[in-house]
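> Sharing a structure here in structure tokens format.
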Ligand code: SF4
Ligand code: SF4
Ligand code: SF4
């Protein structure tokens, strides 16, 4: 089958293997560092403004504190046997060949220091067990290579002990923050969340205007007054979504999708200007205090607005924090309606409606798209959707399949739990790391190239704001259209037929004209050209 | 002479091994787990999560997904080691338990398998540049130590047999605090000294992965954060 299709497309292309192991390129990425946080960025988060004088002593003390308080960190530092199983699993290693981007080598940067100060063998025989003092060079290496980890957990899947390099990167960043060596991108953004309410620094007024604009746009397209309410106390659902959804393509098209689905469901809902951000960069910098404070906003907003449920929009790490940490950090949520999961993912919400048959979806509206799906790491390996393990893989795919006729998965070794990070996660989505981001994206891009060539795939859907932003930037570097990345709910938005909408009426008319011809086929013939054009505009 | 030396040596080694290991296990157990971090998809019940850990311990599930060669050599080594240890129980039990007696012939094959697998693991470590890069001196030395233990053991079985009746007497004596003479064969003495060394380094090195694997939160936690509020005891003081 596949071979025939490839021939149909003309030539049978030679694909580079997305997981091909590169030769070691020593020091290849030694110069890649994010900008340091300024004094103001640091102090806003309660960290010292610049490198403190007794940094070595403080860093070692902090490491000790973290190890004493986190069993995962303690065991991960002790338990690695250097089996090498993880060495070829990191997309940054695959993309750069820099040996320090092998997960175990990245861990070793911290492990050596841990050994030196906290283990008997490292104290008495440092050279034998590779223990090392925390010198300025070592600290600089930490800053370099712990900012080349997107905390995607791919390595953890393949480690016989589940050693998760993300935990170690988080700890390293926390240690660096406490001695005054923070990273600008993350810390500046967390500061904005505290000051303004979201990562993009979009003030409530601007937010209100944006939502009003979107309402108009939807009404123009569909004739239906779909609402995007802000701060409406007493609504059933508080929708928390990454602020990119208010701002850029293809995020916004996804947001329109949520709004349409929520409208069709008939459940009342609202955004909150206090918690106008789902993202929680506190996780990226491994700071429990900051993560807690950011998470608390959501609990407070839910209480203030007297909602019954919390639903999260499409965001990878936000869903990890929401799904796994929110209740621990900001719970208990006894004041919510416990018949619904706390929190719920918008994909779960949409999927339930599809299962119930409440949504009318016209797949043909997406016939101009041949689609694949990028599993976002934090959803894939650090959370779940639905009642079954792996629901996080099935539910988005089920939604996409319900919304389009042409869906193809990428290489099975690069999706689901084996998914390759987009290259921009974990607080690395900043311009000065573009080189790293491009190289880190290359394995995913190769896998996309395969399905593009074999199945004529034109678009890739994602459920993570960071993934979407990253792909918009890197797709063109690999010969794809920047608009080849779409939101899952953008596909829903294209396909959904709102009750009483223009599309609804057109379809009904078409039904009548076509008489006995089945509805779906009739729609495809009559309504498609107009709709395809429509969707193209939106994209 | 060697009897006293080895008797004392084994008491010390056993004390360090058991004491050190006990201390580390206690340390792992009392260290808090602040958040839910199972690597998903994960079982949604605690029983399921326990079964997941057992699969990791018995069949090396994740390693199998990861790399078939490492899995093959690593798994053969560990299974063979387990069989060899079972075989050695005959030196510590009187009468020998039936399962131990039945496993005796298997133990011999296992001895060869163990040495072969260790050698293969070491070749990987030396031949593959990624492996060389991540290895510290001890990673090589521990393989060589295990290889030497295996080789001296096999040497006694096939080249220069020792007086195993006397040997058994020595160990039963040790356990009863009633010392019996230990044969003075060089192969035996080196074999035993290396084993004692292994016991001593165990609690201070990566060999801790053996008890530690049961404590890995990414594997032993159930994926049930929304069903059951996860509220672990508060963090210990910052001091
Ligand atoms: S797979 Fe795990 S044990 Fe093996 S080298 Fe990597 S981190 Fe260490
Ligand atoms: S968590 Fe992801 S980015 Fe970090 S070392 Fe592991 S595979 Fe690489
Ligand atoms: S940005 Fe997306 S792909 Fe990258 S780590 Fe986050 S969830 Fe994974």
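Residue numbers (the working numbering), protein chains in the order written: chain A, 6 to 544; chain B, 982 to 1220. Glycine included, each C-beta is placed from N, C-alpha and C at the ideal position. Just so it is clear, the structure is predicted and the values come from calculations on it, not from any experiment.
Let me know if residue 182 of chain A comes out buried or exposed under the rule of 16 or more other beta-carbons within 10 Å of its beta-carbon.
Stepping through the first chain from its first residue, residue 182 of chain A is reached at position 177. By the Cβ-count criterion, residue 182 of chain A is buried, with 16 or more other Cβ atoms from all chains shown falling within 10 Å of its own Cβ.
> For residue 274 of chain A, which of helix, strand or coil comes out of DSSP?
If you number the first chain from 1, residue 274 of chain A lands on position 269. Strand at residue 274 of chain A.
> Mind pulling the chain B residues with CB within less than 9 Å of residue 346 of chain A?
In the first chain, the residue the question calls residue 346 of chain A occupies position 341. Chain B residues near residue 346 of chain A: 1207 and 1208.
> Can you find a C-beta in chain A that's less than 8 Å from the C-beta of residue 1014 of chain B?
The residue you call residue 1014 of chain B lines up with position 33 of the second chain. For residue 1014 of chain B, the answer is yes, since a Cβ of chain A falls inside 8 Å of its Cβ.
> Please list the terminal residues of the continuous alpha helix (DSSP H) segment that includes residue 573 of chain A.
In this structure chain A extends from 6 to 544, so residue 573 of chain A is not present and cannot be described.
> What's the C-alpha gap between residue 285 of chain A and residue 300 of chain A?
Counting from one through the first chain, the residue named residue 285 of chain A turns up at place 280. Counting from one through the first chain, the residue named residue 300 of chain A turns up at place 295. Each residue's Cα considered, the two are about 7 Å apart.
> Give the interface partners of residue 1112 of chain B over in chain A, defined as CB-CB distance under 7 Å, in chain order.
What you label residue 1112 of chain B is simply residue 131 of the second chain in a count that begins at 1. Here the neighbours are 89.
> Which residues, in chain order, does the stretch 1040-1060 of chain B contribute to contact with chain A at a C-beta distance below 7 Å?
1041, 1043, 1044, 1046, 1047, 1048, 1051 and 1055
> With distances taken Cα to Cα, identify the nearest neighbour of residue 382 of chain A among A/146, A/450, A/157 and A/102.
Locating residue 382 of chain A in the first chain gives position 377, counting from the first residue. Among A/146, A/450, A/157 and A/102, the Cα nearest to that of residue 382 of chain A is on A/157.
> For residue 1212 of chain B, which three-state DSSP category applies?
As a first step, residue 1212 of chain B is located in the second chain; it is residue number 231 there, counting from the start. If DSSP states are grouped into helix, strand and coil, residue 1212 of chain B belongs with coil.
> With DSSP as the reference, label residue 345 of chain A as helix, strand or coil.
The residue given as residue 345 of chain A occupies position 340 in the first chain. Residue 345 of chain A falls in the coil class under three-state DSSP.
> Does residue 1032 of chain B have its Cβ less than 8 Å from a Cβ in chain A?
Position 51 of the second chain, counting from 1, holds the residue named residue 1032 of chain B. With 8 Å as the cut-off, residue 1032 of chain B does not count as an interface residue toward chain A.
> Can you tell me which of the three DSSP states residue 366 of chain A falls into?
For the purposes of this step, residue 366 of chain A is taken as the residue at position 361 of the first chain. Here residue 366 of chain A sits in strand by DSSP.
> For the candidate residues B/987, B/1130, B/1200 and B/1206, whose alpha-carbon lies nearest to that of residue 80 of chain A?
The count along the first chain starts at 1 and reaches residue 80 of chain A at position 75. For the residues B/987, B/1130, B/1200 and B/1206, the minimum Cα distance to residue 80 of chain A belongs to B/1200.
> Do residue 240 of chain A and residue 275 of chain A have their beta-carbon atoms positioned less than 8 Å apart in this structure?
On the first chain, residue 275 of chain A is found 270 positions in, with the first residue counted as 1. On the first chain, residue 240 of chain A is found 235 positions in, with the first residue counted as 1. In this structure, residue 240 of chain A lies closer than 8 Å to residue 275 of chain A by Cβ.
> Are the stretch 309-323 of chain A and the stretch 990-1001 of chain B touching by the rule of at least three beta carbon pairs closer than 8 Å?
no
> State the Cα-Cα distance for the pair residue 229 of chain A and residue 269 of chain A, rounded to the nearest angstrom.
For the purposes of this step, residue 229 of chain A is taken as residue 224 along the first chain, with counting starting at 1. For the purposes of this step, residue 269 of chain A is taken as residue 264 along the first chain, with counting starting at 1. Rounded to whole angstroms, residue 229 of chain A to residue 269 of chain A spans 11 Å at the Cα level.
> Assuming residue 379 of chain A and residue 465 of chain A form a contact by the criterion Cβ under 8 Å, report the distance between their Cβ atoms to the nearest whole angstrom.
The residue given as residue 379 of chain A occupies position 374 in the first chain. The residue given as residue 465 of chain A occupies position 460 in the first chain. Between residue 465 of chain A and residue 379 of chain A the Cβ distance is about 5 Å, and since that is below 8 Å, they are a contact.
> Tell me the DSSP secondary structure of residue 254 of chain A in three-state form.
Along the first chain, one-based indexing puts residue 254 of chain A at 249. DSSP places residue 254 of chain A in coil when its eight states are reduced to three.
> Is the shortest distance between the beta-carbon of residue 448 of chain A and the beta-carbons of chain B less than 8 Å?
Residue numbering aside, residue 448 of chain A sits at position 443 when the first chain is read from its first letter. For residue 448 of chain A, the answer is no, since every Cβ of chain B falls outside 8 Å of its Cβ.
> With contact counted as at least three CB pairs below 8 Å, one residue from each stretch, are the stretch 466-482 of chain A and the stretch 112-126 of chain A in contact?
no
> Looking at residue 1022 of chain B and ligand 2, is the gap between the Cβ and the nearest heavy atom below 7 Å?
Along the second chain, one-based indexing puts residue 1022 of chain B at 41. Outside the cutoff, so no.
> Can you list, in chain order, the residues of its chain whose CB lies under 7 Å from that of residue 990 of chain B, leaving out five sequence neighbours each side?
Walking along the second chain from the start, residue 990 of chain B turns up at place 9. Result list for residue 990 of chain B: 1177, in chain order.
> With DSSP collapsed to three states, give me the class of residue 376 of chain A.
Numbered from 1 along the first chain, position 371 holds the residue referred to as residue 376 of chain A. It is a strand residue.
> Counting pairs of Cβ atoms below 8 Å between the stretch 490-502 of chain A and the stretch 363-371 of chain A, do you hit three or more?
yes
> Output needed in chain order: residues of the stretch 262-289 of chain A with a Cβ under 7 Å from some Cβ in chain B.
none
> Could you tell me if residue 993 of chain B is buried or exposed, where buried requires 16 or more neighbouring beta carbons within 10 angstroms of its beta carbon?
Against the second chain, residue 993 of chain B aligns to sequence position 12. By the C-beta density criterion, residue 993 of chain B is exposed, having fewer than 16 other C-beta atoms within 10 angstroms.
> Counting only Cβ-Cβ distances shorter than 8 Å, please list the residues of the stretch 1182-1202 of chain B near chain A, keeping chain order.
For the stretch 1182-1202 of chain B, which is checked against every Cβ of chain A, the residues closer than 8 Å are 1182, 1185, 1186, 1187, 1189, 1190, 1193, 1194, 1196, 1197, 1198, 1199 and 1200.
> Below 9 Å on C-beta distance, what does residue 1090 of chain B contact in chain A?
Within the second chain, residue 1090 of chain B is the residue found at index 109, counting from 1. The contacting residues do not exist; residue 1090 of chain B stays about 24 Å from chain A at best.
> Taking CB distances under 8 Å as the criterion, tell me whether residue 394 of chain A reaches chain B.
Numbered from 1 along the first chain, position 389 holds the residue referred to as residue 394 of chain A. Cβ-Cβ to chain B under 8 Å: yes for residue 394 of chain A.
> Can you pull the chain B residues whose beta carbon is under 8 Å from the beta carbon of residue 29 of chain A, in chain order?
Reading the first chain from its first residue, position 24 is the one you call residue 29 of chain A. The contacting residues are 1110, 1111 and 1114.
> Residues of chain A with CB under 8 Å from residue 1144 of chain B, in chain order?
Against the second chain, residue 1144 of chain B aligns to sequence position 163. By Cβ distance, chain A contributes nothing, its closest Cβ being about 36 Å from residue 1144 of chain B, past 8 Å.
> Got a sec: is the Cβ-Cβ distance from residue 333 of chain A to anything in chain B below 8 Å?
As a first step, residue 333 of chain A is located in the first chain; it is residue number 328 there, counting from the start. Closer than 8 Å to some Cβ of chain B, the Cβ of residue 333 of chain A qualifies, so yes.
> If we ignore side chains and look at the alpha-carbon of each, how far apart do residue 522 of chain A and residue 513 of chain A end up?
Stepping through the first chain from its first residue, residue 522 of chain A is reached at position 517. Stepping through the first chain from its first residue, residue 513 of chain A is reached at position 508. In this prediction, residue 522 of chain A has a pLDDT of 46, which is less than 50 and means its spatial position is unreliable; what the coordinates show is noted afterwards. Rounded to the nearest angstrom, the two C-alpha atoms are 12 Å apart.
> Whose C-alpha, out of A/145, A/365, A/507 and A/199, is nearest the C-alpha of residue 185 of chain A?
The residue you call residue 185 of chain A lines up with position 180 of the first chain. Considering only alpha carbons, the answer is A/145.
> Counting only beta-carbon atoms, is residue 993 of chain B nearer than 8 Å to chain A?
Looking up residue 993 of chain B in the second chain gives position 12. Taking Cβ atoms only, chain A never reaches closer than 8 Å to residue 993 of chain B, which makes this a no.
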